[in-house]
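Numbering (my numbering), first residue to last: 99 to 181.
Here's what the structure looks like:
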């Protein structure tokens, strides 16, 4: 039986590990959720991803696809945290 799913971290886990490595003693929350569709009948509402550090918003990203939202979040984190 292949345990591939159990060995490869999800994008959410990778982002959390990255931020925790930079801020070891701080609480890190990574969340993502689908925003509600607008009244205009929007076909695909945005998927919003956020990183909170100690309860304060650090970085966020919104995309139509959840995979792209996490990828954009990683790019935004690199721009914010890495000098």
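Ideal placement from N, C-alpha and C gives every residue a C-beta, glycine not left out.
May I ask you to list the residues that DSSP assigns as paired with residue i?
i           : result
residue 148 : 129 and 158
Under three-state DSSP, which class holds residue i?
i           : result
residue 51  : Nothing can be reported for residue 51, as the shown portion of the chain is limited to 99 through 181.
residue 174 : helix
residue 168 : helix
residue 194 : The first residue shown for the chain is 99 and the last is 181, placing residue 194 beyond what the model contains.
residue 180 : coil
residue 117 : helix
residue 99  : With a pLDDT of only 49 at residue 99, under 50, the local geometry of the prediction cannot be trusted, and the value read off the model is given with reservation. Residue 99: coil per DSSP, three-state reduction.
Leaving out five residues on either side along the sequence, give the residues of the same chain with a beta carbon under 7 Å from the beta carbon of residue i.
i           : result
residue 172 : 113
residue 124 : 151 and 152
residue 166 : none
For the putative contact between residue i and residue j, defined by C-beta atoms under 8 Å, what is the C-beta separation to the nearest angstrom?
i           : j           : result
residue 168 : residue 109 : 4 Å
residue 105 : residue 130 : Residue 105 to residue 130, Cβ: 22 Å. No contact.
Might you give, ordered along the chain, the residues of its own chain that have their beta carbon closer than 6 Å to the beta carbon of residue i, omitting 5 neighbours on each side?
i           : result
residue 185 : Shown here, the chain extends from 99 to 181; a query on residue 185 therefore has no answer.
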